[in-house]
């Protein structure tokens with residue numbers, strides 16, 4: 001049995017609140033159960049050096065956790081003077097995923113930065129970040145089109161992400177912290193609305209996993225991602 | 001006239017939400033109008049090296065702003081690799097203020113860290129941080145006394161903070177960003193419930209201020225701080 | 001057609017040279033075609049703080065590229081003052097993979113560090129690193145058992161890694177740089193000798209990939225990893 | 001009684017030596033008793049990015065202490081790799097104070113940097129720094145006007161700074177280290193020659209201070225600052 | 001007797017392998033006995049800021065040691081976040097030496113960076129680096145002249161380097177690690193093919209050395225450097 | 001002719017002021033003409049980790065330049081976040097030189113740190129630093145013996161340092177900045193009172209130097225160092 005009492009294929013409650021803060025072009029609070037992440041999208045009319053003069057834009061992400069978003073206090077990365085490997089890995093994943101559904105040429109020479117800041121963590125912060133950042137990105141794009149700065153929508157697909165894993169021998173969907181810390185296998189999946197994969201990252205924690213287990217986990221991920229996409233749609237088109 | 005339409009001695013609406021996140025021993029969301037800060041208090045059973053074996057505890061603070069808490073995106077300090085001078089100045093102020101109402105010997109050899117993270121900024125983030133951190137600190141102390149780890153309450157005074165300044169020639173209370181960025185003088189005041197000063201930090205931005213102006217500003221601060229203390233009390237004793 | 005003229009399921013020539021340098025407990029030069037990585041294993045009789053007194057050991061990795069291992073010179077990370085996100089991501093992957101086949105309790109309170117330094121890069125440096133580091137780890141363990149410091153071999157499985165991807169619409173095995181920089185999908189797979197997965201990391205670069213493509217790539221990876229394991233065995237038991 | 005035998009309203013001996021070193025446009029050694037600070041003013045014909053093209057100049061400051069300026073050796077900030085919070089706070093204060101008496105538009109697009117380096121510390125290093133930096137700034141301006149690079153003097157007021165505090169229940173002027181380390185309240189005051197405040201920074205160390213104590217301290221500061229200004233005038237117009 | 005059995009004026013075997021890696025304009029593996037260094041020369045069509053518009057080029061060097069090039073593992077400088085003093089000292093020496101035989105005006109506004117990476121250390125890594133970097137520099141220049149980017153050879157002298165020292169009272173040539181760690185005096189000498197000195201750096205480790213000892217050591221260095229130059233010539237003109 | 005009008009073998013005026021600042025166990029201001037360096041010696045009753053339990057002490061040095069000790073302002077190393085290569089090279093040289101005349105076993109498990117801070121630079125800052133640090137070290141040792149913490153004087157030789165070089169074809173002694181910046185060869189020499197060498201560091205700037213030139217420079221250095229030692233003796237035994 002799962003610690004939360006959920007069935008193996010049951011997601012936590014997903015909630016998406018748009019316009020959570022007032023300054024950003026897109027600002028979303030996304031909750032996967034007790035995991036809560038603020039995702040903001042910021043538009044800046046400049047691009048990194050390697051894109052200057054290319055006519056293309058850039059979508060990138062930064063990720064952080066408030067020091068006491070977790071059970072015991074983590075040192076603040078700003079105070080330690082550098083971002084850890086896990087942080088860099090996650091923000092690279094978020095940026096790469098969002099670029100996979102964005103036509104950078106259609107975006108033009110501007111940068112959209114997605115800041116994903118975890119205010120409360122209970123497992124799945126990176127998948128919540130990706131799923132929430134997608135909504136914030138859509139809002140920022142709408143802001144650009146409504147203000148006349150963009151003519152064509154550069155987003156060419158919907159995107160969401162969920163974790164799956166093997167907990168006590170059973171494939172389960174959307175692991176919370178109690179499961180995540182005990183899981184034998186942990187996998188993060190990013191998919192688009194055509195049901196195709198954008199990222200698949202599976203790690204054997206306790207023992208190696210077999211082809212059949214991989215397929216079972218991917219099937220669960222597919223189900224979960226469809227549910228998250230439905231919540232994203234309801235939030236974007238209330 | 002003030003941009004917000006407030007009278008010179010009128011505070012913004014103050015709201016304090018306790019138990020805002022679930023992991024910390026104290027977790028408070030404090031709003032001074034559109035300025036919103038998450039203040040958490042974390043208890044750790046260890047002290048900095050200079051206090052080891054002294055029998056005394058420590059109260060300290062860290063401060064941060066989410067990159068898009070402001071009108072235009074600020075670079076993330078964790079990514080830049082260091083905290084700026086303003087950040088260090090503010091977190092030193094918060095820690096010093098809270099230590100002024102805490103009996104560190106009564107606290108015993110443990111550390112309470114107050115993390116003040118601004119999720120939306122509209123002026124007065126440091127005074128909101130101090131006022132919210134006080135409530136989070138009280139909750140952490142209650143947690144320690146209720147769990148039997150502390151016998152005596154080490155907090156020996158209530159504490160709040162507000163900004164005052166001179167805007168278009170007039171002393172005003174609790175400046176928002178529109179006023180703060182135009183003020184001729186900016187002053188942050190921390191007081192205790194006996195009406196005495198813990199910190200007074202006044203800076204002439206446009207022109208130097210005179211004794212009478214100083215006295216007028218301090219009288220406004222006294223009024224504002226009494227109002228904040230009343231909201232703190234309502235939150236702590238609902 | 002592949003730029004190298006290889007068939008889709010054809011590996012590059014794999015070469016493993018043991019005892020490449022003289023100081024390390026394990027020292028291997030591994031070549032996947034023109035990709036050349038020095039993998040050394042260093043034994044130290046201490047563990048990270050979180051394992052002190054636990055009776056368990058640790059296996060970790062560090063990764064680096066010589067500045068001119070690549071076509072145009074990269075800045076030296078030691079000179080820039082920090083390791084980039086890609087470096088941290090890769091060294092976390094290498095360490096995690098090797099721990100998956102090591103019984104840390106049987107290792108005892110000592111640390112084995114695998115340093116993987118790329119002297120010439122032509123795609124697949126991380127998979128070559130993992131495959132070579134496994135051999136260096138085996139040599140370090142043999143060193144420990146032969147010197148009587150270890151009684152039981154803590155390695156409980158063989159491990160190798162290869163990249164697969166989709167190049168011009170076709171799933172291909174062991175991508176070189178010419179393919180890697182153009183691939184629509186790039187996937188790194190780590191497997192053990194039981195044919196089970198330790199890591200699966202697939203990224204859609206150009207377009208999202210479907211379940212069938214995933215399965216085709218994993219079948220190629222399985223074939224390639226068996227071939228690498230055969231070369232590892234020949235190197236270890238000449 | 002004060003450890004030094006001074007009366008409560010008695011300053012230490014103030015000495016100002018101009019042209020202390022030979023390269024800088026302004027170079028001053030200022031002594032407040034045993035506190036000795038070298039203040040140099042350096043003119044550079046460029047401004048920070050945020051002022052480029054604005055027609056305005058900039059006045060800024062950096063502060064440092066030689067490692068053995070204090071009773072026990074402090075680690076060198078250059079060696080530790082960053083400036084501490086106290087250093088950043090002090091150099092921000094010095095720069096802000098000097099800008100308060102400088103017409104940046106009249107200065108034109110150039111930067112004057114005041115370096116304040118403490119070679120011997122005995123309390124009051126920041127107030128000595130501000131008071132000495134003012135003289136160095138005047139010399140740098142004179143250098144600019146005499147060389148024809150500036151037509152109009154951009155300095156529109158005289159400025160000095162002193163510390164006041166409450167020591168053993170009595171308000172005292174210009175605290176030395178023996179008093180500073182025991183003071184119940186510590187306050188740094190910066191004033192101009194019109195007797196108006198530029199900065200007021202008061203901190204309760206032992207117990208909170210009342211309005212009357214604040215007023216007593218500010219009266220002492222006013223007296224002390226007039227005396228420092230007299231020494232500044234004698235130095236500038238010998 | 002020397003630990004290696006060599007006579008006092010006997011060099012270790014010197015081997016130089018050109019084209020050791022494939023990407024660099026010059027790539028050399030140089031071995032002084034068991035000391036092995038990869039020296040690559042990278043040409044970039046830009047110069048440091050202080051040379052922009054000067055018409056002159058730049059030759060510079062970076063030095064590193066693989067973590068397990070030594071008997072016990074050294075921390076990786078990229079991971080520690082800075083290059084140590086010894087590293088900076090050595091790379092400054094290498095760059096300075098090579099600039100002494102290069103006409104920077106004839107080179108034109110481009111930079112050649114010599115990366116010297118020690119893969120196995122047994123004493124004399126800096127002298128091997130200089131001697132190998134010279135060959136890599138020649139190859140990079142040949143690459144520039146053959147491709148028509150340079151008309152005139154900017155190298156105006158041959159250069160090599162060797163260490164000498166006093167070991168157990170006797171001046172010896174080309175110290176290996178066993179000698180180096182016990183030597184009373186250690187001296188690194190860089191000379192050109194006219195027999196003149198480019199660098200002389202002698203350090204008394206155990207006791208100070210006298211004029212006669214200095215002269216004996218320099219005579220040994222002269223002999224050794226002629227031998228290295230002969231190997232360089234054989235490598236460059238096979 | 002030398003820019004200063006000195007003869008080739010003429011030193012600048014050397015002045016040594018002991019007890020320059022009040023806190024350090026040794027504090028010296030040394031002037032080589034316009035080059036002025038504060039050298040302090042600090043005693044700490046602890047040793048670096050590699051000497052713990054060895055019974056041996058340590059002598060080390062740190063070097064810095066005030067930002068405006070030079071003709072144009074240099075960035076402050078504390079602000080840039082790291083010490084440059086030149087700084088590290090010089091402080092390694094100072095520490096190594098002083099250890100050459102100190103019996104570390106006789107010193108016992110304590111550290112003496114020599115801080116050499118240049119307040120005005122005009123060439124020869126490293127040689128002035130070494131020569132002044134020697135006197136500060138003697139004072140710190142006297143402090144230890146007079147307070148009964150040391151029984152035996154661990155200093156077993158006198159030490160001084162001077163620069164020599166070739167300026168416009170002529171060997172000259174004690175170069176000032178005007179010469180140093182134009183010299184064809186620059187050499188720093190550290191000798192003891194037995195006339196033996198502790199460090200010899202010669203660098204060809206313009207053209208390589210020959211054996212005869214080396215000998216001429218070393219003879220000049222010997223003369224200059226004897227003169228500095230005489231000034232050291234007068235300062236120590238007034």
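Chains as they are written, first to last, in the UniProt record's numbering: chain A, 1 to 238; chain B, 1 to 238; chain C, 1 to 238; chain D, 1 to 238; chain E, 1 to 238; chain F, 1 to 238.
All C-beta atoms in this analysis are idealised placements derived from N, C-alpha and C, irrespective of residue type, glycine included.
- Leaving aside the five residues that flank residue 100 of chain C on each side, the residues in its chain whose CB is nearer than 6 Å to its CB run, in chain order, 198.
- Bounds of the alpha helix (DSSP H) holding residue 77 of chain E are 77 to 80.
- Straight-line spacing of the CA atoms in residue 123 of chain B and residue 138 of chain A works out to 29 Å.
- The alpha-carbon of residue 107 of chain A is positioned some 22 Å away from that of residue 232 of chain A.
- Secondary structure at residue 126 of chain C: helix, using DSSP grouped into helix, strand and coil.
- Identification of chain C residues near residue 70 of chain E by a Cβ-Cβ cut-off of 9 Å yields 23, ordered along the chain.
- With three or more CB-CB distances shorter than 8 Å, the stretch 198 to 214 of chain C counts as touching the stretch 201 to 216 of chain A.
- Put simply, the stretch 8 to 15 of chain D does not touch the stretch 18 to 34 of chain C. Fewer than three CB pairs are less than 8 Å apart.
- Across the structure, residue 97 of chain A and residue 175 of chain C are spaced so that their CA atoms are roughly 22 Å apart.
- For residue 191 of chain A, there is no enclosing alpha helix (DSSP H); the residue is found in the beta strand (DSSP E) stretching over 185 to 192.
- Taking every protein chain shown into account, the CB of residue 49 of chain C has fewer than 16 other CB atoms within 10 angstroms, so this residue is exposed.
- Unbroken beta strand (DSSP E) runs of no fewer than 3 residues, entirely contained in the UniProt domain "Exoribonuclease phosphorolytic" (159 to 223) of chain B, are found at 159 to 167, 170 to 173, 185 to 192 and 197 to 204, following chain order.
- Under the Cβ criterion of 7 Å, residue 120 of chain D is counted among the residues facing chain F.
- For residue 150 of chain F, same chain residues with a beta-carbon under 6 Å away, outside a window of 5 residues either side, are 144 in chain order.
- For the set E:215, E:102 and E:60, the Cα lying nearest the Cα of residue 153 of chain E is the one of E:102.
- Looking at the DSSP output, residue 114 of chain C bridges to C:41 and C:61.
- Between residue 227 of chain C and residue 2 of chain C a beta carbon distance of about 17 Å is seen, past the 8 Å cut, so the two are scored as non-contacting.
- Annotation: residue 94 of chain A has no Cβ neighbours in chain B at a cutoff of 9 Å; minimum Cβ distance is about 14 Å.
- By the C-beta density criterion, residue 87 of chain A is buried, having at least 16 other C-beta atoms within 10 angstroms.
- In this structure, residue 78 of chain A keeps its C-beta atom at 7 Å or more from the C-beta atom of residue 146 of chain B.
- Residues of chain C whose Cβ lies closer than 9 Å to the Cβ of residue 154 of chain E do not exist; the shortest such Cβ separation is about 20 Å.
- Within its own chain, the residues whose Cβ lies closer than 6 Å to the Cβ of residue 73 of chain F, once the five positions on either side in sequence are excluded, are 67, listed in chain order.
- Ranked by how close their Cα comes to the Cα of residue 109 of chain F, the residues F:229, F:237, F:45 and F:64 have F:45 in first place.
- When secondary structure is reduced to three states using DSSP, residue 26 of chain E falls in the strand class.
- Note that the C-beta distance between residue 162 of chain E and residue 221 of chain E is below 7 Å.
- Taking a Cβ-Cβ cut-off of 8 Å, the neighbours of residue 89 of chain D in chain B comprise 85, 88, 89 and 92, given in sequence order.
- Cα atoms of residue 63 of chain B and residue 23 of chain A: separation of roughly 20 Å, rounded to the nearest angstrom.
- In this structure, residue 41 of chain E keeps its C-beta atom at 7 Å or more from the C-beta atom of residue 104 of chain E.
- Distance from residue 37 of chain E to residue 128 of chain E at the Cβ level is roughly 5 Å; contact confirmed, criterion being Cβ atoms closer than 8 Å.
- The DSSP-derived three-state label of residue 50 of chain B is helix.
- Cβ atoms of residue 136 of chain A and residue 57 of chain A stay farther apart than 8 Å, at about 16 Å.
- Closest in C-alpha terms to residue 9 of chain E, from the list E:94, E:224, E:238 and E:236, comes E:224.
- Residue burial annotation: residue 125 of chain B is buried, with at least 16 other C-beta atoms found within 10 angstroms of its C-beta.
- In the same chain as residue 217 of chain B, and ignoring 5 residues on each side of it, the C-beta atoms closer than 6 Å to its own belong to 164, 171 and 187, in chain order.
- DSSP places residue 13 of chain F outside both helix and strand once states are collapsed to three, so it counts as coil.
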